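Colleague: Residue numbers (UniProt numbering): 1 to 110.
Even glycine gets a Cβ: it sits at the ideal position worked out from N, Cα and C.
All figures in this text were calculated on a predicted structure; none of them were measured in a lab.
Following this message is one structure expressed as structure tokens.
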């Protein structure tokens, strides 16, 4: 009797439970940090200007933006992950200044 030696790789299996596609427990924590930042900005706007509608709109836009930035797409990447990768890549790049020298010195004849 011969056993099947083929490799089975399941697709679409998520390592954690999600409330909606791409948004799980880890993204909830990131969204909470973004919500606190939006709350701080909204409170600053309210304390300096006293404009309640602008304060409410600022808070709601901040919350929705933090949810959108932390939700992962079908490639398991979020906007926040991509920004993190770009910053990490930029920090890892080395700068080697090039100074071109002439290999053959050309003499000018008078």
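Out of curiosity, what's the CA-to-CA distance linking residue 39 and residue 89?
Modeller: Taking the straight line from one Cα to the other gives about 31 Å.
Colleague: Less than 7 Å between the C-beta atoms of residue 78 and residue 71, yes or no?
Modeller: It is a contact, given that the beta carbons lie within the stated cut-off.
Colleague: Per DSSP, residue 100 is paired with what?
Modeller: DSSP output for residue 100 lists no bridge partner at all.
Colleague: According to DSSP, is residue 24 part of a helix, a strand, or is it coil?
Modeller: It is a strand residue.
Colleague: What are the boundary residues of the alpha helix (DSSP H) that residue 62 is part of?
Modeller: 52-70 is the span of the alpha helix (DSSP H), which, as asked, contains residue 62.
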